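Student: Please find one structure pasted underneath; my questions will follow.
In the numbering used here, the protein residues as written are 12 to 286.
This is the structure:
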């Protein structure tokens, strides 16, 4: 098996099953194969089977449902889908003119949504939704001046620019990821120009956003992935590369504020028989 790609794209999701809380973290090896590290409360971390290959360094997204039996992974030229497609979803993508385009599937066919203002080339895009609440979305991406902008869509309302603010300095194409919990608690993670992982926290409908604060250091231009864990005493998990060929897992404790290392090195070794 090839080693993990340095600055591999990362994607993650979580669910509950008979084994308790489950986490999946997808990454790419040096030949382009998509690999999956799998966690459950009974067995700990194991390696799942590879779903296929994709172009190198082009990003990926993954989600799962129905107790983890349905998985939907998307990547550039390659990837796999489970046998059922989520009925309500939003996807954000960049076109050749550096516009952010929304495409929508709300129980019917895919259709075009809103076009957003210009993004920086080589940008990161992140979006989230409060679990169990349809048609409330948060979108984050990097503007041409390298600042991070937020757009929010509430029920029966059009997209509007949000009030996300970060005083940090970002390089072009900085990594951005976010996660939301069922209580409306949001976390936005960014990588600054001096290779530090930052978090901005806020609750839906309150506007009480915290100042953007540092968590730890990463490798240069590390991709990131984040989840709000299900039925777990540490509800937030963030994955990134602290050094080459290695995924590190950090998370919060019970007060949801203090971040610390959970797993220094998530297994990315020889593929197993799947979980």
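All C-beta atoms, glycine included, are put in the ideal place defined by N, C-alpha and C.
Bear in mind that the values here come from a model prediction, so they are computed numbers and not experimental data.
What does residue 235 pair with, by DSSP beta-bridge criteria?
Tutor: DSSP, once it has assigned bridges, lists 251 as partnering residue 235.
Student: Do you know how far the Cα of residue 160 is from the Cα of residue 34?
Tutor: Roughly 29 Å separates the two Cα atoms.
Student: I need the boundaries of the beta strand (DSSP E) containing residue 128, first residue and last residue.
Tutor: Unbroken beta strand (DSSP E) run through residue 128: 122 to 129.
Student: Could you compute how far the alpha carbon of residue 129 sits from the alpha carbon of residue 48?
Tutor: The straight-line gap from Cα to Cα measures roughly 35 Å.
Student: Can you give me the Cβ contacts of residue 53 inside the same chain, cut-off strictly under 8 Å, excluding the 5 residues immediately before and after it?
Tutor: Within the same chain, residue 53 has close Cβ partners 30, 31.
Student: Within a Cβ cutoff of 6 Å, which residues of the same chain sit near residue 21, ignoring the five residues on either side of it in sequence?
Tutor: Here the set comprises 38, 234, 236, 250.
Student: Three-state secondary structure (DSSP) at residue 262?
Tutor: The answer is strand: DSSP assigns residue 262 an E or B state.
Student: Can you tell me whether residue 110 is buried or exposed? The criterion is at least 16 other CB atoms within 10 Å of its CB, across all chains shown.
Tutor: Residue 110 comes out exposed.
Student: Which same chain residues, not among the five before or five after residue 220, have their C-beta less than 8 Å away from its C-beta?
Tutor: Result list for residue 220: 174, 175, 176, 211, 212, 213, in chain order.
Student: Confirm, please, whether the CB-CB distance from residue 64 to residue 44 is below 7 Å.
Tutor: Yes, the Cβ-Cβ distance between residue 44 and residue 64 is below 7 Å.
Student: In angstroms with no decimal places, state the Cα-to-Cα distance between residue 113 and residue 162.
Tutor: Cα-Cα distance, rounded: 12 Å.
Student: Mapping DSSP to helix, strand and coil, what is residue 181?
Tutor: Residue 181: coil per DSSP, three-state reduction.
Student: Measure the alpha-carbon distance for residue 204 versus residue 172 and round it to whole angstroms.
Tutor: So the two alpha carbons sit approximately 24 Å from each other.
Student: From 195, 144, 138, pick the residue whose C-alpha is nearest to that of residue 152; which is it?
Tutor: Measuring from the Cα of residue 152, the nearest candidate turns out to be 138.
Student: DSSP three-state label for residue 140, please.
Tutor: Residue state, collapsed to three classes: strand.
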